[in-house]
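Novice:
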Amino acid sequence: MKILITFLGYGENVFAGMERSIYTLTNGLVEEGHQVVIYTSKMHPAVRNKNYKVVYDNNLIDFIDPTIGCVDDQIKANYKDNQTLIKQKLLKTIKEEKPDYILVQDHLWGIIPHINIFDEIDCKICLLFHMTHNPDLIKQMFGYNFDHYFCVSKFVKEEIIKICNPKQKLSLLPNCITKDFITKGSNIPEVNNFMCNARISKEKGVADLLKIWKEFLKSYPNKKLYLTSGEFRFLVKDEISKDIEEINNLYPNSIIVLGNLKWDEIVDELKSKDCVLVPSKMESFGMAALEGMALGKYVVSTNAGNLKYLFKGITKTYNVKDDSGFLNEMINIMQGKSKYKFNKAYKRAVNYESRNVANKFIKEITK
Numbered sequence: 002m003k004i005l006i007t008f009l010g011y012g013e014n015v016f017a018g019m020e021r022s023i024y025t026l027t028n029g030l031v032e033e034g035h036q037v038v039i040y041t042s043k044m045h046p047a048v049r050n051k052n053y054k055v056v057y058d059n060n061l062i063d064f065i066d067p068t069i070g071c072v073d074d075q076i077k078a079n080y081k082d083n084q085t086l087i088k089q090k091l092l093k094t095i096k097e098e099k100p101d102y103i104l105v106q107d108h109l110w111g112i113i114p115h116i117n118i119f120d121e122i123d124c125k126i127c128l129l130f131h132m133t134h135n136p137d138l139i140k141q142m143f144g145y146n147f148d149h150y151f152c153v154s155k156f157v158k159e160e161i162i163k164i165c166n167p168k169q170k171l172s173l174l175p176n177c178i179t180k181d182f183i184t185k186g187s188n189i190p191e192v193n194n195f196m197c198n199a200r201i202s203k204e205k206g207v208a209d210l211l212k213i214w215k216e217f218l219k220s221y222p223n224k225k226l227y228l229t230s231g232e233f234r235f236l237v238k239d240e241i242s243k244d245i246e247e248i249n250n251l252y253p254n255s256i257i258v259l260g261n262l263k264w265d266e267i268v269d270e271l272k273s274k275d276c277v278l279v280p281s282k283m284e285s286f287g288m289a290a291l292e293g294m295a296l297g298k299y300v301v302s303t304n305a306g307n308l309k310y311l312f313k314g315i316t317k318t319y320n321v322k323d324d325s326g327f328l329n330e331m332i333n334i335m336q337g338k339s340k341y342k343f344n345k346a347y348k349r350a351v352n353y354e355s356r357n358v359a360n361k362f363i364k365e366i367t368k
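Numbers given in this note's numbering equal positions in the sequence shown, counted from 1, plus 1.
(1) With Leu91 and Ile118 assumed to form a contact (beta carbons below 8 Å), what rounded beta-carbon distance in angstroms separates them?
(2) Which whole-angstrom value is the C-beta distance of Lys225 and Ile257, which I expect to be below 8 Å?
(3) At which residue ranges does the stretch 296 to 320 contain complete beta strand (DSSP E) runs of 3 or more residues, listed in the order of the chain?
(4) How should Glu20 be labelled, buried or exposed, when 16 other C-beta atoms within 10 angstroms of its C-beta is the threshold for buried?
(5) Round the Cβ separation of Cys165 and Lys140 to the nearest angstrom and send it over; I've been treating them as touching at under 8 Å.
(6) Decide yes or no for the touch test of the stretch 270 to 290 against the stretch 200 to 214: beta carbon pairs closer than 8 Å, at least 3 of them.
(7) Where are the beta strand (DSSP E) runs, 3 residues long or more, that stay fully inside the stretch 241 to 265, in chain order?
(8) Could you check how far apart the C-beta atoms of Ile277 and Lys298 are, in whole angstroms? I think they sit under 8 Å.
(9) Assuming contact is defined by CB atoms lying nearer than 8 Å, are Asn261 and Ser22 in contact in what I supplied?
(10) So what's Asn194 in DSSP terms, helix, strand or just coil?
(11) With DSSP collapsed to three states, give me the class of Tyr80.
(12) With H, G and I counted as helix, E and B as strand and the rest as coil, what does DSSP make of Val48?
(13) By alpha-carbon positions, which one of Ile245, Lys99 and Asp58 ends up nearest to Gln89?
(14) Nearest to Leu296 by alpha carbon, out of Phe147, Glu270, Thr303 and Val55?
(15) Helix, strand or coil for Phe147, going by three-state DSSP, please let me know.
(16) Just the C-alpha distance for Lys155 and Ile161, rounded to the nearest angstrom, thanks.
(17) Would you say Phe143 and Gln169 are within 8 Å of each other, going by their C-beta atoms?
(18) Any idea which residues DSSP pairs Phe343 with across the strands?
(19) Ile315 and Cys127 look like a contact to me (Cβ under 8 Å); what is the Cβ gap, rounded to whole Å?
(20) Candidates Tyr252, Glu216, Glu97 and Glu13: which alpha carbon is nearest Glu266's?
(21) Pull up the DSSP beta-bridge partners for Cys431, would you.
(22) Could you give the residue range of the beta strand (DSSP E) that holds Lys54?
(23) Can we say the stretch 73 to 81 touches the stretch 92 to 104, given the rule of at least three CB pairs closer than 8 Å?
(24) Report buried or exposed for Leu86, applying the criterion of at least 16 other Cβ atoms within 10 angstroms of its Cβ.
(25) Measuring alpha carbon to alpha carbon, tell me which residue in Lys77, Tyr11, Ile76 and Lys3 is nearest Gly34.
(26) Tell me which same chain residues have a C-beta within less than 6 Å of the C-beta of Val38, skipping the five on either side of it?
(27) Can you check which of these residues, Ser172, Lys317, Lys272 and Val15, is closest to Lys368 by C-alpha distance?
(28) With distances taken between CB atoms, is the gap from Phe217 to Met331 smaller than 8 Å?
(29) How many angstroms separate the CA atom of Leu30 from the CA atom of Tyr227?
(30) What separation, rounded to the nearest whole angstrom, lies between the Cα atoms of Tyr102 and His108?
(31) Alpha carbon to alpha carbon, what distance is there between Asn352 and Val358?
(32) Beta carbon of Ile245, beta carbon of Glu354: below 8 Å?
(33) Measuring CB to CB, does Val301 end up less than 8 Å from Ala289?
Listed below in structure tokens is the structure:
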């Protein structure tokens, strides 16, 4: 099949979950023998991958500044002001590429829901909900003529049902990982290095993690915590540099801040760690958690959003306000008392390998 994917931002090394999920699914589809065309803006550097085609539309918004107003409003204004030109470019792309199917990624960033072209699309088309922000916009989506509706996780599906209980079927199209993450069992002779592979922002809970880490160091002063700088252009970074400095003054080099990792560096970086920490306050899917599961690492996680479903039957997850529970599980790991089920984590992670997810997606849309 030939799949056209529409999303405002697309790149090979963007430190953001949605871009990464699209990139990984794209490669899974290509590996399974399908053709993929990406329709996007010039928000990120040009893609070098020659296994699929990327069409850039100069009329789409390519820079968003949260300091000048609501991000959603800036995107909607771009669609409204440039609708005619975007429509022309998009329809030209569809005519030239002749896709068998169109996958619209997100109810806002996916472009098509805001450009009046439904009557001019001959092939089938679906919408994938990555998040549940903007309930009114979500309700509006079920008035459009999509052939299929997908959700990125069970959590997102449940939230959408709460919002509007749509008559249409909601299927799952989860985020996925590449096969180089999949590692059977665990290989952790000694737990020394912890990692939180998340951007430093409020909803990722990094500021709370530092409080937990400071307490943890009282019993285990020689352990290391690795953070990723993970600058994210649409959110204001937490002011945590002083907290890091304070902890490192008490326990030298106990916190190491890595640079903004490229995707092809993340696997090796995680392989060198022993435990992944996921202190998130909100997760529509939980990519960092899945990566830890797949690589056979211990994972300590909150139960925010979809995390409770990812880890069901594998390990206990903790309320976002339960710092003591989170800390106690870290201590259990150190003392060999953790009940983390590595084999079950491996089996679950395999389901999210990109080729498996791509295959299930194709089967669903060709029923």
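For every residue, glycine included, the Cβ atom is placed at its ideal position computed from N, Cα and C.
Specialist: By the coordinates alone:
(1) Position 90 of the sequence shown, counted from the first residue, corresponds to residue 91. Position 117 of the sequence shown, counted from the first residue, corresponds to residue 118. Sure, about 6 Å apart at Cβ, within 8 Å.
(2) Walking along the sequence shown from the start, residue 225 turns up at place 224. Walking along the sequence shown from the start, residue 257 turns up at place 256. The pair is a contact, with the Cβ atoms about 6 Å apart (cut-off 8 Å).
(3) 299 to 302
(4) What you label residue 20 is simply residue 19 of the sequence shown in a count that begins at 1. Classification for Glu20: buried.
(5) To locate residue 165, count along the sequence shown from 1; it is residue 164. To locate residue 140, count along the sequence shown from 1; it is residue 139. That pair is a contact at about 5 Å.
(6) yes
(7) 256 to 259
(8) Start at 1 with the first residue of the sequence shown, and residue 277 comes out as number 276. Start at 1 with the first residue of the sequence shown, and residue 298 comes out as number 297. Checking the displayed sequence, the identity of residue 277 turns out to be Val instead of Ile. The Cβ separation is near 5 Å, so the contact holds.
(9) One-based indexing of the sequence shown puts residue 261 at position 260. One-based indexing of the sequence shown puts residue 22 at position 21. Against a cut-off of 8 Å, the Cβ pair of Ser22 and Asn261 comes out as no contact.
(10) Working through the sequence shown from its first residue, we reach residue 194 at position 193. Note: Asn194 maps to strand in three-state DSSP.
(11) Position 79 of the sequence shown, counting from 1, holds the residue named residue 80. Here Tyr80 sits in helix by DSSP.
(12) Working through the sequence shown from its first residue, we reach residue 48 at position 47. It is coil, neither helix nor strand.
(13) Position 88 of the sequence shown, counting from 1, holds the residue named residue 89. Comparing Cα positions, the closest option is Asp58.
(14) Here residue 296 refers to the residue found at position 295 of the sequence shown. It is Glu270 whose Cα lies nearest to the Cα of Leu296.
(15) Along the sequence shown, one-based indexing puts residue 147 at 146. In the structure shown, Phe147 sits in coil (DSSP, three-state: anything other than H, G, I, E or B).
(16) Stepping through the sequence shown from its first residue, residue 155 is reached at position 154. Stepping through the sequence shown from its first residue, residue 161 is reached at position 160. Rounded to the nearest angstrom, the two C-alpha atoms are 10 Å apart.
(17) The sequence position of residue 143 within the sequence shown is 142, counting from 1. The sequence position of residue 169 within the sequence shown is 168, counting from 1. Taking 8 Å as the Cβ cut-off, Phe143 and Gln169 qualify as a contacting pair.
(18) The sequence position of residue 343 within the sequence shown is 342, counting from 1. In the DSSP output, where bridge partners are listed per residue, Phe343 has none listed.
(19) One-based indexing of the sequence shown puts residue 315 at position 314. One-based indexing of the sequence shown puts residue 127 at position 126. So it is not a contact: roughly 30 Å between Cβ atoms.
(20) Here residue 266 refers to the residue found at position 265 of the sequence shown. Ranking the options by Cα distance to Glu266, first place goes to Glu13.
(21) The structure shown does not extend to residue 431, since the chain spans only 2 to 368, so no value can be given for it.
(22) Counting from one through the sequence shown, the residue named residue 54 turns up at place 53. For Lys54, the enclosing beta strand (DSSP E) begins and ends at Lys54 to Tyr57.
(23) no
(24) Residue 86 sits at position 85 when you count from the first residue of the sequence shown. Exposed, because fewer than 16 other Cβ atoms sit within 10 Å of the Cβ of Leu86.
(25) Indexing the sequence shown from 1 puts residue 34 at position 33. Nearest option by C-alpha distance: Lys3.
(26) Along the sequence shown, one-based indexing puts residue 38 at 37. Closer than 6 Å at Cβ, skipping near neighbours: Leu5, Lys54 and Glu98.
(27) Taking the first residue of the sequence shown as position 1, residue 368 is located at position 367. Cα-wise, what sits closest to Lys368 is Ser172.
(28) Residue mapping note: residue 217 aligns to position 216 of the sequence shown, counting from 1. Residue mapping note: residue 331 aligns to position 330 of the sequence shown, counting from 1. Result yes, Cβ atoms of Phe217 and Met331 sit closer than 8 Å.
(29) Here residue 30 is taken as the residue at index 29 of the sequence shown, counted from 1. Here residue 227 is taken as the residue at index 226 of the sequence shown, counted from 1. If you take the alpha carbons of Leu30 and Tyr227, they lie about 33 Å apart.
(30) Against the sequence shown, residue 102 aligns to sequence position 101. Against the sequence shown, residue 108 aligns to sequence position 107. Their Cα atoms are separated by approximately 17 Å.
(31) Mapped onto the sequence shown, residue 358 falls at position 357. Mapped onto the sequence shown, residue 352 falls at position 351. Straight-line Cα distance between these residues: approximately 7 Å.
(32) One-based indexing of the sequence shown puts residue 245 at position 244. One-based indexing of the sequence shown puts residue 354 at position 353. Cβ distance not < 8 Å, so Ile245 and Glu354 don't count as in contact.
(33) On the sequence shown, residue 301 is found 300 positions in, with the first residue counted as 1. On the sequence shown, residue 289 is found 288 positions in, with the first residue counted as 1. Cβ atoms of Val301 and Ala289: not closer than 8 Å.
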